[in-house]
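Taking our numbering, the leading residue of the sequence shown gets 32, the next gets one more, and so forth.
C-beta atoms are modelled at their ideal positions from N, C-alpha and C, and glycine is treated no differently.
Note that this is a predicted model, so its numbers are computed, not measured.
To start, the structure itself, in structure tokens.
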Amino acid sequence: MSQARVAILLSGRGSNFLELHGAMVRKEVPAEIALVVSNVAEAPGLEKARSLRLPTVCLPHRHEATREAHEAKVLAALGRAEVDWVCLAGYMRLLSASFVAEYPERILNIHPSLLPAFPGRNAQEQALEWGVRVSGCTVHLVDEELDHGPIVMQRVVPVHDDDNPISLSARILVEEHRIYPEALGRLLTERWRISGRRVIFS
Ligand code: GAR
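Here it is in structure tokens:
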């Protein structure tokens, strides 16, 4: 089976990136990381990618006058790396419709809630404030709306009475690390289609 060339876009810690990379190295996911892009120079995930000797590029959005100018640089880097798939792994930027159109149904995101509940930042705090008894995580295909595209996989975790944002985030993160490689692996190895908002594996 041919290896998909995957780009990781990240802004921070990079633990989901490391899980994806590990699954690829163990050959659980038939893919390789062709490029790691960070929009934050100090992102720990960027440093982890460099120490793994993966191709990296840092493209700070603050250096660009417009979103389009920043995205043009990211797209050029993805093009040079001949990327097939893009995995957002804690990438805290909304992608424009024209960016998404460059990789139709080939951009994935992970989000620490059961979407459509609690999109955006601090999803775990939002869940605690709302008082939900379960939360979880979602892997979805990306469209131009925030944390919005068709859902590939979700996993539920309980919310305990004594949870705080740190404890709930840690419980959700365990499941994020499981479902992100699993979802990418299924998309790469199985037949699937999108029906309405649903990703149907056949
Ligand atoms: C993860 O919890 C991920 O779900 C979240 O950022 C964190 C990144 O952690 N993403 C979003 O909230 C996207 N809206 P990581 O850098 O350790 O993978």
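With DSSP as the reference, identify every bridge partner of residue i, one or two as the case may be.
{"i": "Met242", "result": "There is simply no residue 242 to check, as the chain begins at 32 and stops at 233 in what is shown."}
{"i": "Val187", "result": "Gly167"}
{"i": "Asn140", "result": "Leu119, His171"}
{"i": "Leu66", "result": "Ala38"}
{"i": "Trp161", "result": "According to DSSP, Trp161 bridges with nothing at all."}
{"i": "Arg222", "result": "Answer is none; Arg222 lacks a bridge partner."}
{"i": "Arg44", "result": "For Arg44, which the question treats as bridged, DSSP gives no partner whatsoever."}
{"i": "Ile182", "result": "His171, Arg229"}
With residue i and residue j assumed to form a contact (beta carbons below 8 Å), what rounded beta-carbon distance in angstroms separates them?
{"i": "Glu50", "j": "Pro212", "result": "6 Å"}
{"i": "Ile141", "j": "Glu207", "result": "5 Å"}
{"i": "Ser144", "j": "Ser129", "result": "That belief does not hold up - the Cβ atoms of Ser144 and Ser129 are roughly 27 Å apart, past 8 Å."}
Suppose the cutoff is 8 Å on Cβ atoms and the five residues either side in sequence are ignored; what does the same chain contact list for residue i look like?
{"i": "Val37", "result": "Leu51, Met55, Ala62, Glu63, Ile64, Ala65, Val114, Asp115, Trp116, Val117, Cys118, Leu215"}
{"i": "Ser198", "result": "His191"}
{"i": "Ser127", "result": "Arg98, Glu99, Glu102, Glu175"}
{"i": "Gln185", "result": "Leu145, Leu146, Gly167, Cys168, Thr169, Val170, Ile210"}
{"i": "Gly43", "result": "Val71, Ala74, Pro75, Gly76, Gly121, Met123"}
{"i": "His92", "result": "Asn70, Arg98, His101, Arg124"}
What do you get for residue i, buried or exposed, if any count of 16 or more other CB atoms within 10 angstroms of its CB means buried?
{"i": "Ile210", "result": "buried"}
{"i": "Ser200", "result": "buried"}
{"i": "Gly110", "result": "exposed"}
{"i": "Ser82", "result": "exposed"}
{"i": "Thr269", "result": "The structure shown does not extend to residue 269, since the chain is modelled only from 32 through 233, so no value can be given for it."}
{"i": "Gly76", "result": "buried"}
{"i": "Lys58", "result": "exposed"}
{"i": "Ser69", "result": "buried"}
{"i": "Asn195", "result": "exposed"}
{"i": "Ala96", "result": "exposed"}
{"i": "Val187", "result": "exposed"}
{"i": "Ile203", "result": "buried"}
Excluding five sequence neighbours on each side, which residues of the same chain lie with their C-beta closer than 6 Å to the C-beta of residue i?
{"i": "Asp178", "result": "His142, Leu146, Pro150"}
{"i": "Gln157", "result": "Phe149"}
Next on the checklist: Restricting to runs no shorter than 3 residues, where is the beta strand (DSSP E) found entirely within the stretch 86-110?
Outcome noted: 87-89
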